[in-house]
Every structure is written in C-alpha cells, then in structure tokens.
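Before any comments, here is the structure.
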Amino acid sequence: MTFKAVLPWLQRGLAIVGLAAILAFVGQNLFTLFSVSTSSTDPYVGNFYSLSAPSDLALEYIQEGTQIQRESDEVLAAEVDQKIIKTGSLDLVVNHADESLAAVESLTQSKSGYVQTSTIQEHQDGTLSGYVTIRVPADIFDATIEELKALAVVVERETTSAEDVTEQYIDLAARLKNAQAQETRYVEILDVAKTVDEILQIESALGNIRGYIKP
Numbered sequence: 218m219t220f221k222a223v224l225p226w227l228q229r230g231l232a233i234v235g236l237a238a239i240l241a242f243v244g245q246n247l248f249t250l251f252s253v254s255t256s257s258t259d260p261y262v263g264n265f266y267s268l269s270a271p272s273d274l275a276l277e278y279i280q281e282g283t284q285i286q287r288e289s290d291e292v293l294a295a296e297v298d299q300k301i302i303k304t305g306s307l308d309l310v311v312n313h314a315d316e317s318l319a320a321v322e323s324l325t326q327s328k329s330g331y332v333q334t335s336t337i338q339e340h341q342d343g344t345l346s347g348y349v350t351i352r353v354p355a356d357i358f359d360a361t362i363e364e365l366k367a368l369a370v371v372v373e374r375e376t377t378s379a380e381d382v383t384e385q386y387i388d389l390a391a392r393l394k395n396a397q398a399q400e401t402r403y404v405e406i407l408d409v410a411k412t413v414d415e416i417l418q419i420e421s422a423l424g425n426i427r428g429y430i431k432p
C-alpha cells in the first residue's frame, strides 16, 4: 500500500484496520472461504520538496515551521490509539455456492465493509471455483467471522492473525501533517516572494507537495 493510497484513509480519520478474505468455490455445491493478508504499508520515504537556493526569508519560514511540526508530531504519537490489522481465514462448505456468495456480499455491506475482489467460474464437471476478497472494520472482525461461519454446513479450516501497525500509522499521519504544514508555509512565502525566480520555485514546490496530499 503506497503513501498516496493510504492518504484517503487518514484524511477521513479512519483507522488502518480490517478483515481481508478470499472466497473460493470448489466441488459440487461446495463453497469455501480463504483469506489473504492485507497489503503491507509502504510509506513514502524521503523529504518533501523544498526550494532550491531559497531566499533568507523563505529559509526562516521553513526553519520556524519545521520546529513547530516536530512538536506537533510528538503530540500525535502520544495521542494515537493502537492500530491493528486483523486477517481471517476460513474454509466453509455450504449447500448453494451462489446463494452463499450473495450472503457474504450482503453481510460485508451490512458491516460497513466492501468486497475488494470477486471471481467465480464453473468447471466441466459442474463444480464451482472462485475467489473474493472482503474488508470490514477491525472492531467487528470477530463478529463477522462468526457470521461467516454460520453460513457453512461445515467449517473445514479457520485461522486468524493480527498485526500492530501503530508505528506505521503514526509515521504516515505525521508525513501527511508535515506535507500540509509545508504547503501552508510555502503559500505564506509565496505571498512575500519578490522575484519571478522565487515565485516559480515556490509554485513548483507547492505543486509537488499537493501531489502527495491529494492523490
């Protein structure tokens, strides 16, 4: 998961948590559910763009803003609750594959989740096979697992795991705040820029930063 892909989650104030699963259909009227790990966080590495050869005034603005942002980052780290990614894996045998798939999709929507991917195919012998990935909020992960199991005639396999991504969340949130703070500083610098060269450099830096803030 890239920095830009995670940004919408952070901007909406949602935790990076969820259930990821793949549904697979195999055998005559056989429906099984498998899971896959959620995408690992791949934060943007490096500094955001700054002016090349900035003026003394621009440098003063940037240094002042950097100190303020460091203090803000420390507060952020102290305030963020633990963030957990949960992953579940189930093999379920059911009577009717199509009806069960529809039930899983309906259940996912009722849990404020979504179906990420879904495929199904029929083989020459009449058996069905397919896969679907779903995601739901972590606070209802356990309840969702139990409701999925209730769809089955037999639960053939069940595994669950959890990953603490609090540090990654804090890092991404801090990078977003830093980018927003730098955007604000550059707008202030633009207001006092005196030369065409300074204006062009600042506008270029603003464009780069806004590219990260608004994926």
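Positions in the sequence shown are counted from 1; adding 217 to them yields our numbering.
Each residue gets a CB set at the ideal place from its N, CA and C atoms; glycine is no exception.
Rounded to whole angstroms, what's the CA-CA distance from residue i to residue j? Just pull it up for me.
| i | j | result |
| --- | --- | --- |
| L451 | I337 | Residue 451 lies beyond the residue range present for the chain, which begins at 218 and ends at 432; the question has no answer from this structure. |
| I357 | K328 | 8 Å |
| Y429 | H340 | 45 Å |
| E363 | T377 | 12 Å |
| Q333 | L345 | 20 Å |
| A360 | A314 | 22 Å |
| T383 | G343 | 46 Å |
| D414 | N425 | 17 Å |
| K300 | L389 | 12 Å |
| T412 | Q385 | 40 Å |
| V321 | S421 | 48 Å |
| G305 | D381 | 15 Å |
| I351 | A379 | 16 Å |
Might you give, ordered along the chain, the residues of its own chain that have their beta carbon closer than 7 Å to the beta carbon of residue i, omitting 5 neighbours on each side?
| i | result |
| --- | --- |
| A369 | L309, V310 and V311 |
| I419 | L268, Y403, I406, L407 and A410 |
| Q397 | I430 |
Just verifying my parser: in three-state terms, what is the DSSP assignment at residue i?
| i | result |
| --- | --- |
| L368 | coil |
| D408 | helix |
| V349 | strand |
| S335 | strand |
| V382 | coil |
| K303 | strand |
| D308 | strand |
Count the other CB atoms within 10 Å of the CB of residue i; is the residue buried (16 or more) or exposed (fewer)?
| i | result |
| --- | --- |
| Y331 | exposed |
| E316 | exposed |
| F248 | Interpretation of F248 is limited by its pLDDT of 40, a score under 50 that renders its predicted location unreliable; the figure taken from the coordinates is listed afterwards. Classification of F248: buried, given that the 10 Å Cβ count is 16 or more. |
| I416 | exposed |
| A391 | buried |
On the premise that residue j lies in contact with residue i, defined as a C-beta separation below 8 Å, what is that separation, rounded to the nearest angstrom?
| i | j | result |
| --- | --- | --- |
| K366 | L324 | Actually they are not in contact, since the Cβ atoms of K366 and L324 sit about 11 Å apart, beyond 8 Å. |
| A355 | K431 | So it is not a contact: roughly 27 Å between Cβ atoms. |
By Cβ distance, which residues of its chain are closer than 8 Å to residue i, with the 5 residues on each side in sequence left out?
| i | result |
| --- | --- |
| L423 | E400, Y403, V404 and L407 |
| R427 | E400 |
| V371 | L309 and V310 |
| E373 | T249, D308, L309 and V310 |
| L274 | Confidence at L274 is low in this model, with a pLDDT of 48, below 50, so its placement is unreliable and the value that follows should be read with caution. Taken in chain order, the residues that qualify are I406 and V409. |
Please return the same chain residues whose Cβ sits closer than 6 Å to the Cβ of residue i, not counting the five positions on each side in sequence.
| i | result |
| --- | --- |
| E375 | L307 |
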